[in-house]
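For the sequence shown, our numbering begins at 287 and goes up steadily by one. Each residue gets a CB set at the ideal place from its N, CA and C atoms; glycine is no exception. Worksheet: the structure to be examined is printed underneath.
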Amino acid sequence: MVIDSHVHLRHGNAERTEYTARQIVDSMDGAGVDKSVVFAICTTAFDAISRARTAHELYPDRLIPYAYALPNAERSIIGCIEEAITGLDFKGIKIHAGECTLAEYVTDPVLELADEHGVPCLIDFIGRHADLERMARAFPDTPIIVAHMGRYLCTDRGLIDRFLGIAETYGNVHMDISGVVLIWKIREVVERLGPERIIWGTDGPYPTPDLATYITTDLAKVRASGICGPELSAILGGNIARLLAL
Ligand SMILES: [Zn+2]
Numbered sequence: 287m288v289i290d291s292h293v294h295l296r297h298g299n300a301e302r303t304e305y306t307a308r309q310i311v312d313s314m315d316g317a318g319v320d321k322s323v324v325f326a327i328c329t330t331a332f333d334a335i336s337r338a339r340t341a342h343e344l345y346p347d348r349l350i351p352y353a354y355a356l357p358n359a360e361r362s363i364i365g366c367i368e369e370a371i372t373g374l375d376f377k378g379i380k381i382h383a384g385e386c387t388l389a390e391y392v393t394d395p396v397l398e399l400a401d402e403h404g405v406p407c408l409i410d411f412i413g414r415h416a417d418l419e420r421m422a423r424a425f426p427d428t429p430i431i432v433a434h435m436g437r438y439l440c441t442d443r444g445l446i447d448r449f450l451g452i453a454e455t456y457g458n459v460h461m462d463i464s465g466v467v468l469i470w471k472i473r474e475v476v477e478r479l480g481p482e483r484i485i486w487g488t489d490g491p492y493p494t495p496d497l498a499t500y501i502t503t504d505l506a507k508v509r510a511s512g513i514c515g516p517e518l519s520a521i522l523g524g525n526i527a528r529l530l531a532l
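Here it is in structure tokens:
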């Protein structure tokens with residue numbers, strides 16, 4: 287089973303581009319993807335849950351909803367995220383350091399909740415490896431998926447190595463390989479961590495050249511990195527299926 291573990295109903299780009307559940311499923315059909323993890327960012331946690339809930343209700347067998355944990359000054363988001371996990375089939379939580387601090391008072395209640403319910407947190411650290419290290423140490427039972435292996439489109443191998451070193455130390459740290467441009471690093475990560483904690487995602491949808499070709503190009507990137515056989519199927523779906531207990 288091929289699972290895209292990182293798909294946006296609403297992106298964090300300047301245009302805040304949005305995609306409908308239908309567009310996402312059509313692109314999956316065009317590229318041979320069975321299921322996708324979907325979430326929205328650059329909106330409130332409440333609106334993001336509502337969007338992912340609707341997408342999942344439209345395509346319950348294809349789209350896997352994640353909550354978005356953006357703190358809210360008016361009311362706590364924790365209850366709402368908990369309801370989504372316990373009552374609405376949400377399987378994980380997204381956190382993005384581009385929209386909020388990763389200070390303990392913001393992230394720890396979310397990581398505790400994830401721990402309590404056995405769901406992973408997909409976190410974009412935008413390069414802040416010290417925050418990963420603190421969280422991985424403080425919440426050893428919470429699976430933390432590091433978006434983009436540390437930073438989107440990162441060409442700084444030293445920075446990737448800092449994240450990789452933390453993943454070698456803490457077994458609850460997983461690597462999302464979406465938006466990774468140093469393709470040879472993917473092979474290296476598999477060699478150093480083993481294939482079990484490497485998770486494929488596209489960070490799509492992306493319209494160039496078209497939604498489906500963007501996905502197939504990304505799949506080709508993983509194959510081009512030299513991964514094949516059982517390792518490839520684990521990375522393209524088996525690992526995230528196990529983490530989400532699909
Ligand atoms: Zn993303």
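Pairing CB atoms from the stretch 389-398 with CB atoms from the stretch 509-516, are three or more of them under 8 Å? Touching, no.
Ordered along the chain, which non-local residues of its own chain (more than five positions away) have a Cβ less than 8 Å from that of N458? Around N458: A422, F425, P426, D427, T428, P429 and I430.
Is the separation between the beta-carbon of F376 and that of L418 shorter than 8 Å? No Cβ-Cβ contact shorter than 8 Å links F376 with L418.
Residue range of the beta strand (DSSP E) that includes P351: Run containing P351: L349 to Y354, per the beta strand (DSSP E) assignment.
Tell me, to the nearest whole angstrom, how far the beta carbon of L439 is from that of G465; I am working on the premise that it is less than 8 Å. Cβ-Cβ separation between L439 and G465: approximately 6 Å, consistent with a contact (criterion under 8 Å).
Under 8 Å between C-beta atoms of I521 and I485: Yes, Cβ-Cβ distance for I521 and I485 is below 8 Å.
Which same chain residues, not among the five before or five after E454, have their C-beta less than 8 Å away from its C-beta? So the list reads R478 and L479, once near-sequence residues are dropped.
From Y354 to I379, what distance separates their C-alpha atoms? C-alpha separation (whole angstroms): 6 Å.
Candidates R483, R337 and Y305: which alpha carbon is nearest Y456's? Put simply, of R483, R337 and Y305 the residue whose alpha carbon is nearest the alpha carbon of Y456 is R483.
Following the continuous beta strand (DSSP E) through L374, name the residue where it begins and the one where it ends. Run containing L374: none; DSSP gives neither H nor E here.
Start and end of the beta strand (DSSP E) containing I431? Residues I430 to V432.
Do G487 and D462 count as a contact pair if the criterion is CB distance below 8 Å? Yes, the Cβ-Cβ distance between D462 and G487 is below 8 Å.
Just to confirm the assignment, what range does the alpha helix (DSSP H) spanning F449 have? Following the DSSP letters along the chain, one finds F449 inside the alpha helix (DSSP H) bounded by residues R443 to T455.
Can you tell me which residues form a DSSP beta bridge with A326? DSSP lists R296 as partners of A326.
For H434 and I350, I'd like the C-alpha separation in whole angstroms. Their backbone Cα atoms lie some 19 Å apart in a straight line.
As assigned by DSSP and simplified to three states, the class of V311: The answer is helix: DSSP assigns V311 an H, G or I state.
G298 versus G512 - alpha carbon distance: For G298 and G512, the distance between alpha carbons rounds to 31 Å.
Name the DSSP beta bridge partners of M461, please? Per DSSP, the beta-bridge partners of M461 are V432 and I484.
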